[in-house]
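All remarks here apply to the structure that follows.
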Amino acid sequence: MNATQIIAAVNSGSIGALVVGGVDPLDNAESAQTLAALEKAFVVSLEIAPSAVTARANVVLPVAAVTEKSGSFLNWEGRPRAFDAAVADTHNRSDLRILSMIADEMGRTISLATVTAAAKEIASLGRWDGAKSTLNIVSAAPTPSLSPDQAIITSWRRLLDLGTLQAGEENLAATSRRTVAVISPKRADSLGVKDGDRLTISTQLGSVTLPALVEEIHDDAVWAPRNSRGSELLSQLGVAHGAVVKVAKA
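Taking UniProt numbering, the leading residue of the sequence shown gets 1, the next gets one more, and so forth.
Set out below in structure tokens:
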């Protein structure tokens, strides 16, 4: 099951408990359904910092941050790059150790109490020698037909925004860039908008109202930060990038 199916199953009553690790429900377009599922289910949360999940969890198990444990990452070439714990004296257990302990308590032992044990088991699988998946060439999606009050939302996260790991750092947040909605000069003229005027971006789910910034951007586009103060697009609009939205002078 994928995440959408799991959330739907919880909300329908088919699943009664969730183990959630490192997931922020406000990171997806179905945040309302996800939050509803977290309220309904018995939730065990594995986290390194307070979040929307820990606020609703029945059990919170603090896990070691990457500096507190050893492990490895796969780089873009698929090569493992191992690292040791930078902080030796910590009371936090790794997520691997916690999951192994939960499995033991459930009578479904996985025998992976350490990173070394897990690495050896993964290495024992060897390289995949079966059939390779094929690359399917697909046609590009058609360009949507827009009415004069519509635009295609484009967005990304800023370095300083409402990210969970920045919570509580008000002095750092004060150095972030101001939240604006960017439109083209042509659209600004059609709306009667100039720099600093209030602009409303909306979908069927909701809306955000931000100061306008007129810059060189495609006439059919509007840009807004994805997760900044006053512009939490996933939770407020249910979209983040490439969707059709309405744009109007506030």
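Cβ atoms here follow ideal geometry from the backbone N, Cα and C, with glycine treated the same way.
Applying the 10 Å Cβ sphere with the 16-neighbour rule, what's the burial state of R81? exposed
Is the beta carbon of residue 254 sitting closer than 8 angstroms to the one on I152? A query on residue 254 cannot be resolved here, the shown segment of the chain reaching from 1 to 250 and no further.
Please tell me whether L18 and P25 are closer than 8 angstroms, where the distance is taken between their beta carbons. no
Alpha helix (DSSP H) containing S70: first to last residue? It is not in any alpha helix (DSSP H) - S70 carries neither H nor E in the DSSP assignment.
Can you name the residues that DSSP bridges to V222? I153
What are the residues that DSSP puts in a beta bridge with T116? Looking at the DSSP assignment, T116 forms no beta bridge with any residue, so it has no partner.
Enumerate in chain order the residues of its own chain whose CB-to-CB distance from M101 is below 6 angstroms, with the five nearest sequence positions on each side excluded. Excluding sequence neighbours, M101 sits near nothing in its chain.
Kindly list the residues whose CB is nearer than 8 angstroms to the CB of Q236, restricted to its own chain and excluding five residues on each side of it in sequence; keep chain order. L205, G206, S207 and V208
Would you kindly work out how many angstroms separate the C-alpha atoms of G71 and L165, rounded to a whole number? 21 angstroms
Is K186 helix, strand or coil when you go by DSSP? helix
Can you tell me whether V87 is buried or exposed? The criterion is at least 16 other CB atoms within 10 Å of its CB, across all chains shown. exposed
Taking the DSSP output, what are the residues bridged to I201? Looking at the DSSP assignment, I201 forms a beta bridge with V208 and V247.
By how many angstroms is the C-alpha of N75 removed from the C-alpha of V138? 28 angstroms
Within a Cβ cutoff of 7 angstroms, which residues of the same chain sit near G21, ignoring the five residues on either side of it in sequence? Hits under 7 angstroms: L46 and D95.
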